[in-house]
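First comes the structure, then the notes that go with it.
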Amino acid sequence: MSRHVPEVLARAGARPALALVVTALALGPGCYDPSVESTQSDSDGELSSAGSSGPAGTSTGDDDSATAGVETTSITTTTTTNPDPTLDSTTDPDPTTDPDPTTDPDPTGDPEPVCDPWPDPLPHPWIGATCGHDDDCTYEGGFCLLEEEGFPCGTCTQSCTQYCPDLDGAPETFCVDSTDLALAPPEGLCVSKCDPQKLGGDGCREGYDCVALERYMEPGVKAGVCIPEELAPEKASCLEELDMLGISYAPTTHELDHPEGHPELDCIIEDPVLLYSPVAGVDFKYHNNDSSSPALVSCELAKAIHRMAEVVYQTGGREFRHLGTYNCRVISGTNSLSMHGLGIAIDLEKFRVGDDTWYSLEDDWEIGVQNPMTPGGQWLKALADARYAMDIFNIILTPNYNAAHYNHFHVDLTPGGDYYD
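Counting with the working numbering, you get residues -12 to 408 for the letters of the sequence shown.
Below, the structure written as structure tokens:
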């Protein structure tokens, strides 16, 4: 199968800078030369796909490729014409001027912690909020896990046997084993679940990390909860990148699964996360849902979605709708694992540009047209070209690919993949 790639975006040498792509999107595809055509296929010589949309965070569309492709202080000295004759040249005339170089005013070398309050409008006090003593946790059964016990700025908690109460407006809570918090004796303690929508970042207060822990007395049931950074395992480098990018996400767990009828195939998500809206200033929702729900994706796909959202935002886009991410299945008509089964694929249905203009693949993509004539067709084509030119995704399938893609872009991170149609 052939692909058509605009000459200015063709893969030759270094990728174009974002500024070039933004200019291209702003001007429309008329700035491209569609004369270059090349052929690319997977190791099996074809790409296979067919399917439909599924529940939020999943995809039932069989639409991916068939192969996994410093502050300084100055001290001013004053010289007098009549120095004290009792002082020799080795004596400091003002011994109080210079501090003793052997004395460290802060022997720990660490700055005093700044304890930000539980952000408004979250209810306070409540489980997970800051505290300095038990009296700060005034709800029934509340007490404080103190700074000196290893909890930065303290955190309110309460005992639990298996479940914890929730409070409207606050992050949900979860009962964990105290030994997972380096506390003894073993007992159940309530902690805050990670909530990126209320607290940003990975959903935890400053000094805490989101870590998946088992529920107290219920092995196998896990949730992402906020625990002191000192107790958290070292983050995968990809998750560190999400932090640096300011992406709202929560690390999560994913159990091994197999596509129906294919026990030999494994659905495994590497560094699974729940990705929260917005990303790079762009909102996202599932299909026709009115509210946002997090998408289950691999960390690498979260980074790719962020890169795509940067392009979308800089060209006027403010929202997109998707038809699913993770789904443990094979590609329709094959025995090959779909990239949705690895959490490295997403199906993109439509985009909102400005306040109320929507461009959808079903209504605005001009099938088989290299230089679209309509504003929607031009915007969508330029976006697809940019995603490929910037190497954001390895596989990009458009409505040009086959009838199963009439209403969405399928984009994924197939290892070694390089295909756009």
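Cβ atoms here follow ideal geometry from the backbone N, Cα and C, with glycine treated the same way.
Residues of its chain near Gly363, where Cβ-Cβ distance is below 6 Å and the 5 sequence neighbours each way are ignored: As a first step, residue 363 must be located in the sequence shown, where it is residue number 376. If we look at Gly363 and ignore the five residues flanking it on each side, its Cβ neighbours are Tyr346, Asp351.
Buried or exposed by the 16-neighbour rule on C-beta atoms within 10 Å, applied to Thr385: In the sequence shown, residue 385 corresponds to position 398, counting from 1. Thr385 comes out buried.
Integer-rounded CB distance, given that Phe338 should sit under 8 Å from Val410: The question about residue 410 has no answer, for the chain in this structure spans -12 to 408.
Span of the alpha helix (DSSP H) around Tyr273: Working through the sequence shown from its first residue, we reach residue 273 at position 286. For Tyr273, there is no enclosing alpha helix (DSSP H); the enclosing beta strand (DSSP E) has its first and last residue at 270 to 273.
Residues near Gly44 by beta carbon distance below 8 Å, same chain, minus five either side: Taking the sequence shown and counting its residues from 1, one reaches residue 44 at position 57. Here Gly44 scores only 49 on pLDDT, less than 50, and its place in the model should not be relied on; the value that follows carries that caveat. Excluding sequence neighbours, Gly44 sits near Tyr273, Ser280, Pro281, Ala282, Leu283, Gly311, Thr312, Tyr313.
contact_flag[the stretch 193 to 211, the stretch 156 to 167] where n(CB pairs < 8 Å) is 3 or more: The stretch 193 to 211 is in contact with the stretch 156 to 167.
Cβ shell of Ala223 (< 8 Å), same chain only, five flanking positions each side left out: As a working note, residue 223 is residue 236 in the sequence shown. Asp258, Cys286.
Ile331: CB within 6 Å of a non-hydrogen atom of the ligand COA: This structure lacks the ligand COA; in fact it carries no ligand of any kind.
Three-state secondary structure (DSSP) of Asp230: Counted from its first residue, the sequence shown places residue 230 at position 243. In the three-state scheme derived from DSSP, where H, G and I count as helix and E and B as strand, Asp230 is classed as helix.
Same chain, Cβ closer than 6 Å to Glu159, neighbours up to 5 away in sequence not counted: For the purposes of this step, residue 159 is taken as the residue at position 172 of the sequence shown. Result list for Glu159: Asp153, Lys180, in chain order.
Cβ pair Cys140, Cys131 closer than 7 Å: For this step, residue 140 is matched to residue 153 along the sequence shown. For this step, residue 131 is matched to residue 144 along the sequence shown. Cβ distance not < 7 Å, so Cys140 and Cys131 don't count as in contact.
Cβ contact (3+ pairs, closer than 8 Å) linking the stretch 178 to 194 and the stretch 204 to 220: Output reads yes: the stretch 204 to 220 touches the stretch 178 to 194.
Proximity of Val183 and Ser146 at Cβ, strictly below 7 Å: Stepping through the sequence shown from its first residue, residue 183 is reached at position 196. Stepping through the sequence shown from its first residue, residue 146 is reached at position 159. In the sequence as presented, Val is not what sits at residue 183; that position holds Pro. Their beta carbons are not under 7 Å apart, which means Pro183 does not touch Ser146 by this criterion.
Cβ neighbours of Tyr388 in the same chain (closer than 6 Å, five flanking residues each side left out): Your numbering for residue 388 matches position 401 in the sequence shown. These residues qualify, in order along the chain: Asp408.
For Pro112 and Gly129, believed in contact at Cβ under 8 Å, the rounded distance: Your numbering for residue 129 matches position 142 in the sequence shown. Your numbering for residue 112 matches position 125 in the sequence shown. With 8 Å as the limit, Gly129 and Pro112 qualify as a contact, their Cβ atoms being about 7 Å apart.
Span of the beta strand (DSSP E) around Pro238: By one-based count along the sequence shown, residue 238 stands at place 251. Start and end: 236 to 238.
Residues near Glu336 by beta carbon distance below 7 Å, same chain, minus five either side: Stepping through the sequence shown from its first residue, residue 336 is reached at position 349. For Glu336, the CB contacts under 7 Å within the same chain, skipping 5 residues up- and downstream, are His274, Arg308, His309, Leu310, Ser347, Leu348, Asn394, His395 in chain order.
Beta-carbon spacing of Gly303, Ile256 below 7 Å: Along the sequence shown, read from residue 1 onward, the residue named residue 303 stands at position 316. Along the sequence shown, read from residue 1 onward, the residue named residue 256 stands at position 269. Between Gly303 and Ile256, the CB-CB gap reaches or exceeds 7 Å.
Spatial distance of Gly156 from Pro215 (CA atoms): The sequence position of residue 156 within the sequence shown is 169, counting from 1. The sequence position of residue 215 within the sequence shown is 228, counting from 1. If you take the alpha carbons of Gly156 and Pro215, they lie about 23 Å apart.
Per-residue DSSP class, three states only, for Leu384: Looking up residue 384 in the sequence shown gives position 397. Leu384 sits in a strand when the DSSP states are folded into three classes.
Close beta carbons around Glu136, own chain, < 8 Å, minus the five adjacent residues each side: Position 149 of the sequence shown, counted from the first residue, corresponds to residue 136. Around Glu136: Leu170.
Cys140, enclosing alpha helix (DSSP H) - first and last residue: As a working mapping, residue 140 is identified with position 153 in the sequence shown. Note, Cys140: premise wrong, no alpha helix (DSSP H); not H, not E.
Contacting residues, own chain, Cβ-Cβ under 8 Å from Asp103 (five flanking each side not counted): Here residue 103 refers to the residue found at position 116 of the sequence shown. Non-local C-beta neighbours of Asp103 in its own chain, meaning closer than 8 Å and more than five positions away in sequence, comprise Thr117, Cys140, Arg192, Glu193, ordered along the chain.
Close beta carbons around Glu217, own chain, < 8 Å, minus the five adjacent residues each side: Translated into the one-based positions of the sequence shown, residue 217 becomes position 230. Excluding sequence neighbours, Glu217 sits near Gly137.
For Pro172 and Ala296, the rounded distance between their alpha carbons: The sequence position of residue 296 within the sequence shown is 309, counting from 1. The sequence position of residue 172 within the sequence shown is 185, counting from 1. The alpha-carbon atoms of Ala296 and Pro172 are separated by roughly 47 Å.
Beta-carbon separation (whole angstroms), Ala289 vs Val260, contact threshold 8 Å: If you number the sequence shown from 1, residue 289 lands on position 302. If you number the sequence shown from 1, residue 260 lands on position 273. Their Cβ separation, rounded to whole angstroms, is 6 Å, which keeps Ala289 and Val260 in contact under 8 Å.
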